[in-house]
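Undergrad: Residue numbers (my numbering), protein chains in the order written: chain A, 10 to 96; chain B, 90 to 656. Positions of the beta carbon are idealized from the N, C-alpha and C atoms, including for glycine.
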Amino acid sequence: MFKQEVILQNETGLHARPASLFVKEASKYTADIKVTKDGKDYNAKSIMGILSMGAAKGDKIIIQAEGDDAETAVKELISLVNNKFNE
Amino acid sequence: MKGSGTSPGIAIGKIFLYKEPEIKVVKTQTEDPQLEIDRLNKAIEKSTNQIEELYERTLKTVGEKEAEIFTAHKMMLEDPEFIGGVREKIVNDKVNSEWAVKETADYYISLFENIDDEYLKERALDLKDVSKRLLKALLNIESGDLQSLSEKCIVIAEDLTPSDTAQMNKEMVVGFVTELGGKTSHTAIMARTLEIPSIAGVKDITNLVKNEDFIIIDGKKGDIIINPSEEEIKIYEAAKKEYEDFKTKLEEMKGKESVSRDGFKVEIAGNIGTPKDIDKVLENDGEGVGLFRTEFLYMDRDRLPSEEEQFEAYKIVAEKLKNKPLVIRTLDVGGDKDLPYLNLPKEMNPFLGYRAIRLCLDRTDIFRTQLRAILRASAFGNIKIMFPMISNLQEVRDAKAILEEVKEELRKENISFDNEVEIGIMVEIPAVAVHSDIFAKEVDFFSIGTNDLIQYTTAVDRGNQDISHLYNQYHPAVLKLIKMTIENGHKEGIWVGMCGEAAGDEKLIPLLLAMGLDEFSMSASSILKARWLIKNTSKKEVADMIDTILTLPTAEDVESFIDEKIL
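1. Taking residue 52/A as the query, report the chain B residues whose CB atoms sit under 7 Å from its CB, ordered along the chain.
2. For the region 379-392 of chain B, which residues have a CB atom closer than 8 Å to at least one CB atom of chain A, in sequence order?
3. Since residue 358/B is in the beta strand (DSSP E), which residue starts that stretch and which ends it?
4. Grab me the residues of residue 467/B's own chain with a C-beta within less than 7 Å of its C-beta, minus the 5 sequence neighbours each way, in chain order.
5. Taking 8 Å as the threshold (beta carbon to beta carbon), is residue 57/A in contact with chain B?
6. In the DSSP assignment, find the alpha helix (DSSP H) that holds residue 130/B and state where it starts and stops.
7. Does the Cβ-Cβ distance between residue 552/B and residue 588/B come in under 8 Å?
8. What does residue 23/A touch in chain B if you count any residue whose Cβ is under 8 Å from its own?
9. Rounded to whole angstroms, what is the Cα-Cα separation between residue 520/B and residue 456/B?
10. Per the DSSP calculation, residue 554/B is bridged to which residue(s)?
11. Does residue 531/B come out as helix, strand or coil in the three-state DSSP assignment?
12. Can you name, in chain order, every residue of its own chain whose Cβ lies under 6 Å from the Cβ of residue 118/B, other than the five neighbours on each side?
13. Spell out a yes or no on whether the region 296-307 of chain B and the region 333-352 of chain B are touching, meaning 3 or more CB-CB pairs, one atom from each, closer than 8 Å.
14. Closer than 9 Å, Cβ to Cβ, to anything on chain B: give me those residues from the region 10-21 of chain A, in chain order.
15. So residue 401/B packs on residue 377/B, CB below 8 Å; how close in whole Å?
16. Identify, in the order they occur along the chain, each residue of the same chain with its Cβ nearer than 6 Å to the Cβ of residue 105/B, setting aside the five sequence neighbours on each side.
17. Inspect the beta-carbon positions of residue 186/B and residue 227/B and report whether they are closer than 8 Å.
18. As a quick exercise: from 436/B, 517/B, 636/B and 142/B, pick the residue whose alpha carbon is nearest that of residue 475/B.
19. Check whether the Cβ atoms of residue 479/B and residue 527/B lie closer than 8 Å to each other.
20. When DSSP labels each residue in this structure, what does residue 204/B get in the three-state scheme?
21. By the 10 Å Cβ neighbour count, where 16 or more other Cβ atoms means buried, how is residue 59/A classified, buried or exposed?
22. How many angstroms separate the CA atom of residue 15/A from the CA atom of residue 201/B?
23. Residue 343/B: buried (16+ other C-beta within 10 angstroms of its C-beta) or exposed?
24. Check the Cβ of residue 428/B against every Cβ in chain A and list those closer than 7 Å, keeping chain order.
25. Could you tell me whether any Cβ in chain B is nearer than 8 Å to the Cβ of residue 86/A?
26. When the Cα atoms are used, what is the spatial distance from residue 330/B to residue 621/B?
27. Give me the chain B residues within the contact set of residue 30/A, using Cβ-Cβ distance strictly less than 8 Å, ordered along the chain.
28. Going by the DSSP bridge assignment, what does residue 52/A pair with across the sheet?
29. Run the CB neighbour count on residue 544/B, radius 10 Å, all protein chains shown included, and call it buried at 16 or more, exposed below.
30. To the nearest angstrom, how far is it from the Cα of residue 446/B to the Cα of residue 383/B?
31. Please list, in chain order, the chain A residues whose beta carbon lies closer than 8 Å to that of residue 616/B.
32. Taking the continuous beta strand (DSSP E) assigned at residue 335/B, which residues delimit it?
33. Would you check if the distance between the CB atom of residue 313/B and the CB atom of residue 572/B is smaller than 8 Å?
34. Is there a C-beta anywhere in chain A that falls below 8 Å from the one on residue 212/B?
35. What is the DSSP secondary structure of residue 269/B, counted as helix, strand or coil?
36. So, under 8 Å CB-CB, residue 610/B and residue 358/B are touching, yes? Tell me the CB distance rounded to an integer number of Å.
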């Protein structure tokens, strides 16, 4: 299992366009991917899950994945967040 | 009866009362969850097909942006949490699919609705729409009503969802009345796109009318008459014809020059706030852009925009305008328009404070980057530069000196730009209007910013509701300043424009024309009307009345004089 912590730096947080980009990216991998915020887990491949998390700018989230492509998945998602969703 | 008009126009005709079939979901236990899962899968498949069809249909009949919503709906039907949650509920609780769909959807809907966030509230509406569709598929409820409309009608409903309007036979719909919603709701936007009248917020209307009732709606005023008399129908038919004739007249204004009845030519341009606004200006045949507000580049973000980013934005607009003039106003923030990343101090009097050119001449790093971007873009069109909030001549000289330095830099770097780029100022502070004879010697044009000019002349905060009655563009003192500015500009041979709300005001246009204003810049939707008005006004006739108007005691006197003698 791979996991990494990251702080949301873009203005909108995991919302609107960033949320759907995040879900689209996560859905490319076969690994099970979870996002944890404030001790609660959310499905990274679900737009409903990500939206209901309500993560805003400055929030700390943990991305963790389990499965064949887990490492790539976590790395790519982290870099998507760090690149501020190419806004 | 009355509601709030959300799309102008008048419609007269039969009612089509659209009532959603009631969806009743009862909880039942099942011994065979797999059977329920199969039912669910079939319903999802059916719903997905419907959504794809609606997407295609909307794409063809309305547009890509409107169709996009169905992509989001489809995503919800594929969502592992939502659909996964429904499946889990069926298996774990051994309940019927309908119940599982309703419970799961309700959970997310209330979750989204309870967060104070516009975006999530909209997603709650999408989810309602999607879950309703899924439930109808499960319960075999058909709702093809709006699709099979066969005669012209006015649709009356509690509310219309994107799915409802997408499947509607739009050729037969001549108007909408809804109980819910407002100017920004989906139905209102759709009505304006289709150019049919629409009224929202009419309480209980679905219970007050029945199919086959006759109705008149006025989408501008929000008036509704159910089963009108012969007399009323006659009146509204005449009004409808007048409105439609006027619309045709405006259409005919496209491609024409803006020349007064007695042969004086002016320029009618549009105001824009983002690069994409330019499309609306061109659609309405604007002769240029008299005000490009550049604040959008700086707001809703966490750092200053780069030169490259700005250059691209200015260049795209300049190119789309071909050789028509584009007046770019340099950064006008500070005071009430805050940029958090600049850490500007809180002020007691933000409108009189550290803002616009005052900020730019202090933070020359910001100013230089913007000027570089504008100058570089000037190689791609007919760009003019305008400085906002000028209050004394030294500011003009300082700004021009910095501009010269930036030009020199570009020359050294062999970057091309328009060396003759015109430099103008906003005339929005009374001191400048009064002293405009002197300012006119040092700039290439004036653009009168009436919103602030009125505010500063009358000392009325235009954002304060309690004193809004004192904010008045017909104030004789304001008109005197405008006239003085135009005359002083002309004495020095420079052109004078106006980019405030007043430039698009029907009552003021004849006056401004008579005072000699050269350029009128307004919101895109007012351009054709202004051209029509100018074509029907004699500059000389109104000019003869100007002196009389300027001696009138109050703004109210000015307004009624215009109503009686000019319009």
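TA: If we stick to the structure as given:
1. 169 and 170
2. 389, 390 and 391
3. 356-361
4. 506, 507 and 510
5. yes
6. 122-150
7. no
8. Under the 8 Å cutoff, chain B gives no residues; its nearest Cβ is about 11 Å from residue 23/A.
9. 24 Å
10. None, per the DSSP bridge assignment.
11. coil
12. 183
13. no
14. 18, 19, 20 and 21
15. At roughly 20 Å, the Cβ-Cβ gap does not stay under 8 Å, so residue 401/B and residue 377/B are not in contact.
16. 242 and 244
17. yes
18. 517/B
19. no
20. coil
21. buried
22. 24 Å
23. exposed
24. Neighbours of residue 428/B on chain A: none; closest Cβ ~13 Å, over 7 Å.
25. no
26. 18 Å
27. Going along chain B, no residue has its Cβ under 8 Å from residue 30/A, so there is no contact; the nearest lies around 12 Å.
28. 43/A
29. buried
30. 13 Å
31. The contacting residues do not exist; residue 616/B stays about 32 Å from chain A at best.
32. It is not in any beta strand (DSSP E) - residue 335/B instead sits in the alpha helix (DSSP H) that spans 319-341.
33. no
34. yes
35. coil
36. 4 Å
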